[in-house]
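Chemist:
Protein chains: 4
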Amino acid sequence: MAVKEEARKEDILKASIRVFSKEGFYNARMEDIAVAAGVGKGTIYEYFPSKKVLFQEMMRYAVEMYIAEVERHITGIKDAKEVLSSFMRFNIDFMREHAEIAKMVISQPNEVNEEIMEMFMNVRHRIEEAIASVIIGGISSGSFRKIKPRIAAMAFLAMVSRVAAATLYNCEHEEYNAVEMLDIFFHGISMV
Amino acid sequence: MAVKEEARKEDILKASIRVFSKEGFYNARMEDIAVAAGVGKGTIYEYFPSKKVLFQEMMRYAVEMYIAEVERHITGIKDAKEVLSSFMRFNIDFMREHAEIAKMVISQPNEVNEEIMEMFMNVRHRIEEAIASVIIGGISSGSFRKIKPRIAAMAFLAMVSRVAAATLYNCEHEEYNAVEMLDIFFHGISMV
Amino acid sequence: MAVKEEARKEDILKASIRVFSKEGFYNARMEDIAVAAGVGKGTIYEYFPSKKVLFQEMMRYAVEMYIAEVERHITGIKDAKEVLSSFMRFNIDFMREHAEIAKMVISQPNEVNEEIMEMFMNVRHRIEEAIASVIIGGISSGSFRKIKPRIAAMAFLAMVSRVAAATLYNCEHEEYNAVEMLDIFFHGISMV
Amino acid sequence: MAVKEEARKEDILKASIRVFSKEGFYNARMEDIAVAAGVGKGTIYEYFPSKKVLFQEMMRYAVEMYIAEVERHITGIKDAKEVLSSFMRFNIDFMREHAEIAKMVISQPNEVNEEIMEMFMNVRHRIEEAIASVIIGGISSGSFRKIKPRIAAMAFLAMVSRVAAATLYNCEHEEYNAVEMLDIFFHGISMV
DNA sequence: AATGAATGAGGGTTCATTCAT
DNA sequence: TATGAATGAACCCTCATTCAT
C-alpha cells in the first residue's frame, strides 16, 4: 500500500521533471503535470502541498539522483587523474541520459525559491570539496604540483560544466573536447 | 524629439534591468517597471510591444553594454597572456559594478524566449572565437604550446565564468582565486 | 445491527453539530466531521447523501432535542405566569448547556437551504402558538388583561431570545436580566 | 475624477448588496457581482482587495446607511414614548424599503468574519445605549416607572427586531402588530 | 459495510494588455 | 504623446463526492 503510494509519488515527480524541464516553472501548469503523470489534477495535491513544493522536491529528487550516480561512478578508483577523468566522462554521459534533468538543473536556478538556491550551493560545495580532496591526494602522491586544491577543483568543475553544457545543447561528440580539456587541466596541475 | 524619445526608452530599459534582475522575468510586474522608470504603465507599451519583447531588448541592451566594455578593455593589448589576464580581471570588475546585469544574464537563461537563448549562444560563440584567436596568437608567438585553440578558449572562459559567479555570490576577494586559476591555466597551455 | 447503524448515524450527527457550530456550514469540511465522528470520510455518505442533507438533518436533530426539552420542562405547570417564567429560565439553561447547538441555530439561518428555513419558521410558529395558548389561559383565569395572545407571545419570545443570545455571548449572569425583563413583560400584560 | 471613482466604488457596493443578500457570502461569485455592477471581474479588485473585504465594507456601508436613517428619524423628538414609537415605525419602514440590506444584516451574522461580528455588537450596543437614555428621560419626566433602563431597552429592541423580521418575511400588515406590542411594552414600563 | 485515494468542477485572484481621455 | 482605469484570460488550489478495495 505504502509502496504503491510511494510509486505514485514518484510517477508525479518524474512527470513533473518532464514538464518543468520543457516549460519551466512558470509556464508549467499543474494540469499538464497531472496529465503527464496520468492522474487527476487534485491527486498531485495529495502528495505535494503546492506547485512550489512540488518543484522543490522534484529538484531535490533530480539532484539526489545525480549525486547517487556520481558516487557510484567515482568510488573505488584510486588514482587521482583517473578519478577526474572518470568524473568528466560520467558527467557527459549523465547529460546524455538525463538531458531533461540536466537542463532543469542548469536553467531553473535561483528563481522560484531561496531554498533550492541553497541546496544547489550546498551540492556544489560538497562536490568541490570531494574533488579538492582528490586533488590533495594527487599532490601528496606526487602526481600534481603544489597548487591550491580548492582553486584547482573550481577550475576543474568549471571545465566539466562547460563540456557538459556543450553536450546538452550541441549534438557534437564532446568526448573529444573533454579529452583535450583534461589534457590542458592535467598539464596545468601536473609536476613538470 | 527623437532624442527625448530615445532617452525615455533607455530609462525604461534601465529600470527594467533593475526590476527584472531583482524579481526575475515572471515575478516582475509591468507596473513595477513603470514605477521604477517613473512613467505610466501604458507608456511602456509606446516603446515596447510586450513584456517579452521588453525583456528581450533589455537583455540585448545589457549584453551589448558588456561586449562594448570587453572590447574597450581588451583592444590594444599585444601580449596574449596579458590579454587573458586582463579579460579575467575585467570580468571580475564588471560583475562588481554591474551585479544586477550580471545576475540577470546568469540566472534568466533559456526560459522566456528562444531568441534570447540564441543571442546568448552567439555572444558566447563570438567571445570564444576572440579568445581562441588570442590563443592562436600566443601559439604562433611561441608562448603557448600547440593546444586546440577553441578548446583552450572554452576552458579559459569556463574558469572566468566560475570566478565571476563566485564574485557575484560570495563577498570574498576573488582576485586571489583569479590569479591562482590563471596560473593553472597558463601552466596548462604554456610551453614547458 | 440496525441499532448499531442508528448509533453510528447519531455519532455523525453529534460530531457534525460540533464541527458545523464551530466552523459554519461552508467552512466545515466533510473530512473534519468524519474525523470528529471517528469514521472514514466515505462512511458519512453511507448515512447521509450529501453535506447539505447532513446539515439539514443535523439541524432537525438539534431542534428536536430543543423541543423535547421544552416540553419536558413546561408540561405539568398550571399557572400561566409560572409557565412563562419557567420557559425563560429553561432557555437560559439550555443555551448554557448546549451552547454549540444554540449558536448553530442562531447563526446559520436561511442560508444553505430553504427547507431548513421553513422548519425553523414552523418550529417558531408552534412555540408561539403554545405560548399564546398559555397566555389565553392566563387571560381567562383573570391573571392577564385582554391583550392579543399572539402578539403577546411574539413579544415574550423576542425577549426570551434576546436574553438567550446575551447568555450565549456574554459571560454575565443573565438570570438577573431575565427577572427584570419578565417583570416588564408581566407588568405589560397583567391586570391593573 | 475622484468623484467618478467614488461612484464606481459605490456601484460595486450596491451591486454586492444585491448579490450577497440574494446568494449569501459563500454562494455569491465575484463574477456575479461584477456583472451586477456592470463592470469586469478584475475591476472589483481595483476597489476592494478581496471578496472578504468587499463583504465587510458592504456590511459597514449598509449598517452606516441604517444608522444615518435612524438618527434622521429620531432626532428632534422630545417625548420619550414618541421616540420609541417613531423608532418602531421607522424600523418597519426601513425593512420594507431596504429589504435586501435588512435580510443581509439579519442572515449573514458572525460567519465570514470576526470584525463584522464586532461591528454588529458595537452598533447594537450603541443603539441600546441610545434607547436606554431615552428611557431614562422618560423615567425622570415621570412617564415611566423605575425600571432598569438597559433592560428595558433590550426588551424594546427585541420587540422591534421581532416585528421587523415579521415585516421582512410575512406580507402582513405589521403596523398593527407593532401598535399592539408597543401597547404591551408601554404598559410594562409606564407609571400605573 | 467501511474506507480513503482519486477526482475535477468551480472560483478567487493576478496581471499583461488595451484604449478612452 | 502619456496615462492608468478597466478588462478577462489564465491558473492554482479546495473539497464534496465517488468507487475500487
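Protein chains in written order, with this note's numbering: chain A, -11 to 180; chain B, -11 to 180; chain C, -11 to 180; chain D, -11 to 180. C-beta: ideal position from N, C-alpha, C; glycine also. Bear in mind that the values here come from a model prediction, so they are computed numbers and not experimental data.
I'd like to know whether the C-beta atoms of I94 of chain A and M47 of chain A end up nearer to each other than 7 Å.
Modeler: Against a cut-off of 7 Å, the Cβ pair of M47 of chain A and I94 of chain A comes out as no contact.
Chemist: Near L42 of chain B, which residues of its chain fall below 7 Å by C-beta distance, leaving aside the five closest residues on each side in sequence?
Modeler: The residues are S4, I32, F36.
Chemist: Rounded to whole angstroms, what is the Cα-Cα separation between G12 of chain C and K136 of chain D?
Modeler: Each residue's alpha carbon lies about 36 Å from the other.
Chemist: CA-CA distance, N110 of chain C and E168 of chain D?
Modeler: About 23 Å.
Chemist: Taking 7 Å as the cut-off, decide whether the C-beta atoms of V7 of chain B and D(-1) of chain B are in contact.
Modeler: Result no, Cβ atoms of V7 of chain B and D(-1) of chain B do not sit closer than 7 Å.
Chemist: Span of the alpha helix (DSSP H) holding D81 of chain D?
Modeler: Counting along the chain, the alpha helix (DSSP H) containing D81 of chain D begins and ends at 68 to 85.
Chemist: Is the beta carbon of M92 of chain C closer than 7 Å to that of S9 of chain C?
Modeler: Contact flag set, yes.
Chemist: Taking contact to mean 3 or more Cβ pairs, one atom from each stretch, closer than 8 Å, check whether the stretch 113 to 120 of chain D and the stretch 132 to 148 of chain C are in contact.
Modeler: No, the stretch 113 to 120 of chain D is not in contact with the stretch 132 to 148 of chain C.
Chemist: DSSP beta-bridge partners for S178 of chain B?
Modeler: According to DSSP, which records beta bridges pairwise, S178 of chain B is partnered with B:F132.
Chemist: Just the C-alpha distance for E(-7) of chain C and V(-9) of chain A, rounded to the nearest angstrom, thanks.
Modeler: Their Cα atoms are separated by approximately 34 Å.
Chemist: Could you spell out the range, first to last residue, of the alpha helix (DSSP H) harbouring I65 of chain C?
Modeler: I65 of chain C -> no alpha helix (DSSP H), and no H or E assigned at all.
Chemist: Could you work out which residues of chain A lie near M147 of chain B, taking near to mean beta carbons separated by less than 7 Å?
Modeler: Those are A143, A146, listed as they occur along chain A.
Chemist: Mapping the DSSP letters down to three states, classify R17 of chain D as helix, strand or coil.
Modeler: If DSSP states are grouped into helix, strand and coil, R17 of chain D belongs with coil.
Chemist: At a Cβ cut of 8 Å, what residues of the stretch 44 to 73 of chain D count as close to chain C, listed as they run along the chain?
Modeler: If the cut-off is 8 Å between Cβ atoms, the stretch 44 to 73 of chain D has nothing near chain C.
Chemist: Can you look up V27 of chain A in the DSSP assignment and give me helix, strand or coil?
Modeler: Here V27 of chain A sits in coil by DSSP.
Chemist: Is the shortest distance between the beta-carbon of N165 of chain B and the beta-carbons of chain A less than 7 Å?
Modeler: Output row for N165 of chain B: interface = yes.
Chemist: Is the beta carbon of K28 of chain B sitting closer than 7 Å to the one on A68 of chain B?
Modeler: The question names Lys, but residue 28 of chain B is Gly in the sequence shown. No, Cβ-Cβ distance for G28 of chain B and A68 of chain B is not below 7 Å.
Chemist: State the start and end residues of the unbroken alpha helix (DSSP H) segment that holds F144 of chain D.
Modeler: Segment 137 to 157, the alpha helix (DSSP H) holding F144 of chain D.
Chemist: Are the C-beta atoms of I135 of chain B and some chain A residue less than 7 Å apart?
Modeler: At least one chain A Cβ lies under 7 Å of I135 of chain B.
Chemist: Is any non-hydrogen atom of the ligand ATP found closer than 6 Å to the C-beta of S128 of chain B, if you look at the structure I gave you?
Modeler: Only the bare structure without any ligand can be found here, which leaves the ligand ATP out of the picture.
Chemist: In whole angstroms, give me the CA-to-CA distance for K40 of chain A and R60 of chain C.
Modeler: Whole-angstrom Cα-Cα distance: 59 Å.
Chemist: From this set, B:I124, B:D171, B:A166, which residue's C-alpha is nearest I80 of chain B's C-alpha?
Modeler: Selected option, being the one with the closest Cα: B:A166.
Chemist: Mind pulling the chain D residues with CB within less than 8 Å of M169 of chain C?
Modeler: Ordered by position in chain D, the residues that pass the 8 Å Cβ test against M169 of chain C are I139, M142, A143.
Chemist: How about S73 of chain B and I65 of chain B: do their beta carbons lie closer than 7 Å?
Modeler: No, Cβ-Cβ distance for S73 of chain B and I65 of chain B is not below 7 Å.
Chemist: Verify the CB distance criterion: does G130 of chain C have a CB-CB separation below 7 Å to chain D?
Modeler: Judged by the 7 Å Cβ criterion, G130 of chain C is not in contact with chain D.
Chemist: Between F78 of chain D and chain C, is there a C-beta pair that is closer than 7 Å?
Modeler: False, the Cβ-Cβ gap to chain C never drops below 7 Å.
Chemist: What separation, rounded to the nearest whole angstrom, lies between the Cα atoms of E88 of chain B and Y49 of chain D?
Modeler: Between E88 of chain B and Y49 of chain D, the C-alpha separation is close to 48 Å.
Chemist: DSSP three-state label for F36 of chain D, please.
Modeler: Here F36 of chain D sits in coil by DSSP.
Chemist: Run down chain B in chain order and give the residues with a C-beta less than 9 Å from the C-beta of Y35 of chain A.
Modeler: Simply none; closest approach about 24 Å.
Chemist: Pick helix, strand or coil for G12 of chain D, following the three-state DSSP scheme.
Modeler: The answer is coil: DSSP assigns G12 of chain D none of H, G, I, E or B.
Chemist: If distances are taken between C-alpha atoms only, which option among B:E102, B:S178, B:A(-5), B:N158 comes closest to A25 of chain B?
Modeler: It is B:A(-5).
Chemist: Look up N101 of chain C in the DSSP assignment and say whether it is helix, strand or coil.
Modeler: Coil.
Chemist: Do you know offhand how far N101 of chain D's Cα is from A16 of chain C's?
Modeler: The alpha-carbon atoms of N101 of chain D and A16 of chain C are separated by roughly 15 Å.
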